[in-house]
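Residue numbers (the numbering used here): 335 to 546.
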């Protein structure tokens with residue numbers, strides 16, 4: 335969430351403001367207070383900055399991550415050094431979102447600006463939200479994605495994503511999620527769509543990242 339501060343003049347923008355606070359994933363009570371305040375914007379996750387600015391921010395906020403990235407960059411153009419450098423450095427780099435590593439601390443130092451966007455937005459965080467968008471919220475509809483999808487349906491709802499040409503029959507299943515690709519098949523429900531992340535992590539841990 336972004337709390338707008340003093341107005342700024344940004345060329346090409348109808349309106350802009352300095353960011354007073356930037357908070358990534360607040361707890362429910364805090365988020366509810368932000369909504370009630372009506373002085374906060376929702377961060378759509380689109381950042382615009384020079385690479386040098388991002389690196390400078392990382393050097394201040396995450397110096398070890400910055401040092402690792404610089405070491406990787408120095409080896410990148412040398413084919414003999416690149417592979418060993420990636421194998422050695424990449425696994426130990428801190429996994430952190432730009433929101434935490436750059437945006438939050440930059441806002442605290444008065445170095446972050448925001449340009450409000452006047453358009454509809456949806457994070458499309460899982461298959462449940464994708465289903466809602468495609469069907470316009472009609473729970474009894476089945477959303478079908480895929481140029482060559484061959485679907486037989488009778489009393490089914492949810493979403494089907496097909497990247498194959500095989501016939502898929504869905505009979506009497508509600509809020510189903512089916513993703514059919516040449517090398518993997520996912521079947522779940524809209525209710526459990528968020529749990530797909532767990533499957534992804536399991537595949538990575540078991541060395542089956544090839545199907546991701």
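Beta carbons are placed, not taken as given, at the ideal position from N, Cα and C, and that holds for glycine.
**OP:** State the start and end residues of the unbroken alpha helix (DSSP H) segment that holds residue 290.
**Re:** Missing from the structure shown is residue 290; the chain here goes from 335 to 546 and no further.
**OP:** Please work out which residues of its chain come closer than 7 Å, Cβ to Cβ, to residue 352, disregarding the five sequence neighbours upstream and downstream, and give them in chain order.
**Re:** 339, 340, 342, 444 and 447
**OP:** Could you check the C-alpha separation between residue 542 and residue 420 for me, to the nearest Å?
**Re:** 20 Å
Original post:
Just the Cα atoms here: how many angstroms apart are residue 389 and residue 407?
Top reply: 12 Å
**OP:** Count the other C-beta atoms from every protein chain shown that fall within 10 angstroms of the C-beta of residue 486, then say buried if there are 16 or more, exposed otherwise.
**Re:** exposed
Original post:
Just checking, does the segment 464-471 make contact with the segment 360-371 on the three C-beta pairs under 8 Å criterion?
Top reply: no
Subject >> Residues sharing a beta bridge with residue 523, DSSP >> reply: 510
Original post:
From residue 509 to residue 424, what does the alpha carbon distance come to, in whole angstroms?
Top reply: 40 Å
Original post:
Around the C-beta of residue 347, are 16 or more other C-beta atoms found within 10 angstroms, so that it is buried, or is it exposed?
Top reply: exposed
Subject >> Nearest to residue 427 (by Cα), restricted to the options 404, 337, 359 and 439 >> reply: 404
Subject >> Identity of the residue in 527, 477 and 434 nearest residue 394 by Cα >> reply: 434
Original post:
If you run the structure through DSSP and keep just helix, strand and coil, what is residue 426?
Top reply: helix
Original post:
Just checking my contact of residue 476 with residue 495 at CB under 8 Å: how many whole Å lie between their CB atoms?
Top reply: Incorrect: roughly 11 Å between the Cβ atoms, too far for contact.
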